[in-house]
Amino acid sequence: MRNNLCLFALCAGILFGSCSKDMDRRFENATLHIPNQDRGFIVIAKEGVSTQNIATALGKLNVRRFVLKNTNEELGLIEVQTPDPSFPAKARQVAGIESVAADVVLSWRLPEKIHRISKRDVASAGAVYRKNATAPPVVNSNPLSFLQWGLNSVRAEQAWAKGFQGNGAKVAVLDGGFLLNDPEILPNIILSHNFVDDEEIQYHGRDGFSHGTHVAGTIAALNDDKGVVGVAPQAKLILVKVLNDEGNGTFSAIINGIYFAAVNGAHVINMSLGGELPRRTFMDDNGTPDDPSDDLIIEYDRDIKDLVTAMNRAVTFASKKDVTVIAAAGNDAYNYDFEKNFITYPAACNGVLAIAANGPLGWGINQDTSLYLPSIFTNSGKKFIAYGAPGGNYSIPLNTQVVQVGFVVNYAFVFDLIFNIGGVDEATNELFYSWSAGTSMAAPHASAVAALVYGKYGKLASLQMIDQVLKKSSTDLGLRSRDGFFGDGQINAEKAVQ
């Protein structure tokens, strides 16, 4: 058979490092540093204490290169920058301060397998195929939705048939840069904001894959008879850049993103990102390994837990505004019922729904195969996972049998990934469709179904209602009752809106 599409090399990367068992070794490849920026700190004020007064006092502590970045009175949080390792101890003596934590920089983008094909080549190949086909190769009027097995996994079309496509719902996507000009999501974007210094919200990354755009398309690509379609195609998007285009970022940027989404009317917040924090003490060198004068010991029982406290404040704020907060569970294949060395945030925050991934193996060969096999990479745990959703799957070794689905020819393993928009060649401004796998892809399926429920109930919807609807409508897979790979069940859009 002839391949009418451009075939690109697989890109697979593990973005998280592992923590050394010895405190005097670096938490290698996990704590990073933004170029030309000193270490940040998050100062947590005691309840009811003015952050402005604390900020004034912090400015008088006589520490090196002190910069006041931001104060948030409603969250009781203050962001500062200084390379001075004496700052935390000095700041903790200021009246009204509950705690001080280093604003750790992590590589938050979850590892995925990525594959892409040109939109132009897809259109050309599809036109030739449809001209000669004896039957239409599509399952609805969007010509590439036949590649989106995730729609069937969550029963999206059955929910649409009942009249619910997310109309009236607003979903905030907290991620890296976005392809704001992609026509398949452009009409649904109602607001965007950037919390990353020295970068635009528009994606300009080196790898040519806009993770945030792929996520946004999975949620709300238009139902317009063109290309792909999102699970909630009438939902509106609030796009918030909290990671740089390489997938790195601070806790404070994510906290700011949660707050921004909540105060700007989001009904759902999707965070297809996760940072692996060590449950132990380590040394942070401030990005200057040859200069010990700015080294800082990051203590688990103080600094790490305080970071979590700060993030929990943001999630609690969003919850009080009836915002459903959803996060990817992580792709390290950890069972958090037993794993004691690490924990993934924001999925582990109080009030966040952590979404595990599942998907088929060999769907390109047999479209009747199960869509619900736990993904090889997904984190799990009965006490950790809220729900399961389609995130793609693969086996080791990869199945490189060449197969054809409709008019698309590719390796068998590629069809087991999640298909949507997100690719770009900046040299030519050409946009690509992309296959990707990860709990990053599972989370937006769940967020979109939550948006369908908000769309059904409108102003009557509350956080508690959405949680109960998702729980009662989910499909019980895996072990009976609560399961480590599916939590309370597989997300089911059809039942959620009935």
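Straight run, no breaks: the sequence shown in the numbering used here ends on number 1091. Glycine is no exception: its CB is placed at the ideal position from the N, C-alpha and C atoms. As the structure is a computational prediction, the values presented were derived from the model and not from experiment.
For Ser700, is the classification buried or exposed, using 16 other Cβ atoms within 10 angstroms of its Cβ as the cut-off for buried?
-> For the purposes of this step, residue 700 is identified with residue 107 of the sequence shown, where counting begins at 1. So Ser700 counts as buried.
Nearest neighbour of Leu1070, chosen from Phe788, Gln1083, Leu991 [CA to CA] | For the purposes of this step, residue 1070 is taken as residue 477 along the sequence shown, with counting starting at 1. When only C-alpha atoms are compared, the closest one is Gln1083.
Three-state secondary structure assigned by DSSP to Gln1057 = Along the sequence shown, one-based indexing puts residue 1057 at 464. Helix, per DSSP.
Return the first residue and the last residue of the beta strand (DSSP E) that Thr843 is part of.
-> For the purposes of this step, residue 843 is taken as the residue at position 250 of the sequence shown. Per DSSP, Thr843 belongs to the beta strand (DSSP E) from 841-843.
Could you tell me if Val766 is buried or exposed, where buried requires 16 or more neighbouring beta carbons within 10 angstroms of its beta carbon?
-> Residue 766 sits at position 173 when you count from the first residue of the sequence shown. Val766 is buried by the Cβ-count criterion.
Please work out which residues of its chain come closer than 6 Å, Cβ to Cβ, to Asn905, disregarding the five sequence neighbours upstream and downstream, and give them in chain order.
-> The count along the sequence shown starts at 1 and reaches residue 905 at position 312. If we look at Asn905 and ignore the five residues flanking it on each side, its Cβ neighbours are Cys942, Asn943.
Exposed or buried, which one is Asp685 when buried takes at least 16 other CB atoms within 10 Å?
-> By 1-based counting over the sequence shown, the position of residue 685 is 92. The amino acid occupying residue 685 in the given sequence is Arg; Asp does not appear at that position. It is exposed - the Cβ of Arg685 has fewer than 16 other Cβ atoms within 10 Å.
Go ahead and label Leu1045 buried or exposed: buried means 16 or more other beta carbons lie within 10 angstroms of its beta carbon, across all protein chains shown.
-> On the sequence shown, residue 1045 is found 452 positions in, with the first residue counted as 1. Answer is buried; the Cβ neighbour count reaches 16.
Mind reading off the beta-carbon distance from Gly974 to Ala950? Whole number of angstroms is fine, and I expect it under 8 Å.
-> Position 381 of the sequence shown, counted from the start, is the residue given in the question as residue 974. Position 357 of the sequence shown, counted from the start, is the residue given in the question as residue 950. Rounded, the Cβ-Cβ distance is 14 Å, inconsistent with contact.
What beta strand (DSSP E) runs, 3 residues minimum, are completely inside the region 810-846?
-> 829-834, 841-843
Quick one, are the C-beta atoms of Val747 and Ala1086 less than 8 Å apart?
-> In the sequence shown, counting from the first residue as 1, residue 747 sits at position 154. In the sequence shown, counting from the first residue as 1, residue 1086 sits at position 493. The answer is yes: Cβ separation under 8 Å.
Thinking C-beta only, is Ala814 closer than 8 Å to Ala828?
-> On the sequence shown, position 235 is the one that residue 828 refers to. On the sequence shown, position 221 is the one that residue 814 refers to. Their beta carbons are not under 8 Å apart, which means Ala828 does not touch Ala814 by this criterion.
With a cut-off of 8 Å on the beta carbons, I'd call Val861 and Phe788 a contact; round off their distance for me.
-> Within the sequence shown, numbered from 1, the residue matching residue 861 stands at position 268. Within the sequence shown, numbered from 1, the residue matching residue 788 stands at position 195. Between Phe788 and Val861 the Cβ distance is about 19 Å, and since that is not below 8 Å, they are no contact.
Start-end ranges of the beta strand (DSSP E) lying completely within the region 928-994, minimum 3 residues = 935-938, 946-952, 980-983
What does DSSP give as the partner residues of Phe1025 in its beta bridges?
-> As a working mapping, residue 1025 is identified with position 432 in the sequence shown. For Phe1025, which the question treats as bridged, DSSP gives the partners Ser711, Gly1016.
Return the CA-CA distance between Gly842 and Ile627, expressed in angstroms with no decimal places.
-> The residue you call residue 842 lines up with position 249 of the sequence shown. The residue you call residue 627 lines up with position 34 of the sequence shown. The straight-line gap from Cα to Cα measures roughly 8 Å.
Which first and last residues belong to the alpha helix (DSSP H) in which Lys763 is found?
-> Start at 1 with the first residue of the sequence shown, and residue 763 comes out as number 170. Not the alpha helix (DSSP H): Lys763 falls in the beta strand (DSSP E), residues 763-768.
Which of helix, strand or coil DSSP assigns to Thr806 | As a working mapping, residue 806 is identified with position 213 in the sequence shown. In this structure, Thr806 counts as helix in the three-state DSSP scheme.
Assign Phe1078 to one of two classes, buried (16 or more other C-beta atoms within 10 Å of its C-beta) or exposed (fewer than that).
-> The residue you call residue 1078 lines up with position 485 of the sequence shown. Phe1078 should be labelled buried.
Enumerate in chain order the residues of its own chain whose CB-to-CB distance from Pro780 is below 8 Å, with the five nearest sequence positions on each side excluded.
-> Taking the sequence shown and counting its residues from 1, one reaches residue 780 at position 187. Around Pro780: Leu815.
Run of the beta strand (DSSP E) containing Gln674, from where it starts to where it stops = What you label residue 674 is simply residue 81 of the sequence shown in a count that begins at 1. 670-674 is the span of the beta strand (DSSP E), which, as asked, contains Gln674.
Between the beta-carbon of Pro678 and the beta-carbon of Asp888, is there less than 8 Å?
-> Here residue 678 corresponds to residue number 85 of the sequence shown, with the count starting at 1. Here residue 888 corresponds to residue number 295 of the sequence shown, with the count starting at 1. Cβ atoms of Pro678 and Asp888: closer than 8 Å.
Local Cβ density within 10 Å of Lys639, reported as buried at 16 or more and exposed below that | Along the sequence shown, read from residue 1 onward, the residue named residue 639 stands at position 46. It counts as exposed.
Which runs of the beta strand (DSSP E) fall wholly inside the region 863-894 and span at least 3 residues, in chain order?
-> 868-871, 875-877, 889-891
Buried or exposed: where does Val1042 fall if 16 or more other Cβ atoms within 10 Å of its Cβ makes it buried?
-> What you label residue 1042 is simply residue 449 of the sequence shown in a count that begins at 1. It counts as buried.
Hey, would you say Ala535 sits closer than 8 Å to Ala911, going by beta carbons?
-> Lying outside 594 to 1091, the shown extent of the chain, residue 535 is not represented and no answer is given.
Expressed to the nearest angstrom, what Euclidean distance is found between the alpha-carbon atoms of Leu651 and Asp631?
-> Here residue 651 refers to the residue found at position 58 when the sequence shown is read from its first residue. Here residue 631 refers to the residue found at position 38 when the sequence shown is read from its first residue. Cα to Cα, the separation comes out at about 16 Å.
What distance in whole Å lies between the Cβ atoms of Tyr987 and Ile1011, which are believed to be in contact at a cut-off of 8 Å?
-> Your numbering for residue 1011 matches position 418 in the sequence shown. Your numbering for residue 987 matches position 394 in the sequence shown. In fact, because the Cβ distance is near 11 Å, the residues do not count as touching under 8 Å.
From Ser738 to Ser1040, what does the alpha carbon distance come to, in whole angstroms?
-> Counting from 1 along the sequence shown, the entry for residue 738 is found at position 145. Counting from 1 along the sequence shown, the entry for residue 1040 is found at position 447. When rounded, the distance between both Cα atoms is 19 Å.
If you run the structure through DSSP and keep just helix, strand and coil, what is Tyr1004?
-> Locating residue 1004 in the sequence shown gives position 411, counting from the first residue. In this structure, Tyr1004 counts as strand in the three-state DSSP scheme.
Below 6 Å CB to CB, which residues in the same chain sit around Ser734 once its five sequence neighbours on both sides are set aside?
-> Here residue 734 refers to the residue found at position 141 of the sequence shown. Result list for Ser734: Asp818, in chain order.
Measure the beta-carbon distance from Ala809 to Phe771 and round it to whole angstroms, keeping in mind my assumption that it falls under 8 Å.
-> Working through the sequence shown from its first residue, we reach residue 809 at position 216. Working through the sequence shown from its first residue, we reach residue 771 at position 178. That belief holds up - the Cβ atoms of Ala809 and Phe771 are roughly 7 Å apart, short of 8 Å.
Spatial distance of Ser643 from Val636 (CA atoms) | In the sequence shown, the residue the question calls residue 643 occupies position 50. In the sequence shown, the residue the question calls residue 636 occupies position 43. Taking the straight line from one Cα to the other gives about 12 Å.
Tell me whether Asp615 is buried or exposed, calling it buried when 16 or more other Cβ atoms sit within 10 Å of its Cβ.
-> Your numbering for residue 615 matches position 22 in the sequence shown. Any reading at Asp615 must be qualified, since the residue scores a pLDDT of 31, below 50, and its modelled position is unreliable; no value is offered.
Please say whether His708 and Ser1027 have beta carbons closer to each other than 8 Å?
-> Here residue 1027 is taken as the residue at index 434 of the sequence shown, counted from 1. Here residue 708 is taken as the residue at index 115 of the sequence shown, counted from 1. It is a contact, given that the beta carbons lie within the stated cut-off.
Beta-carbon proximity list for Val908, same chain, < 8 Å, skipping 5 on both sides = Counting from one through the sequence shown, the residue named residue 908 turns up at place 315. These residues qualify, in order along the chain: Ile851, Val918, Pro939, Cys942, Asn943, Gly944, Val945.
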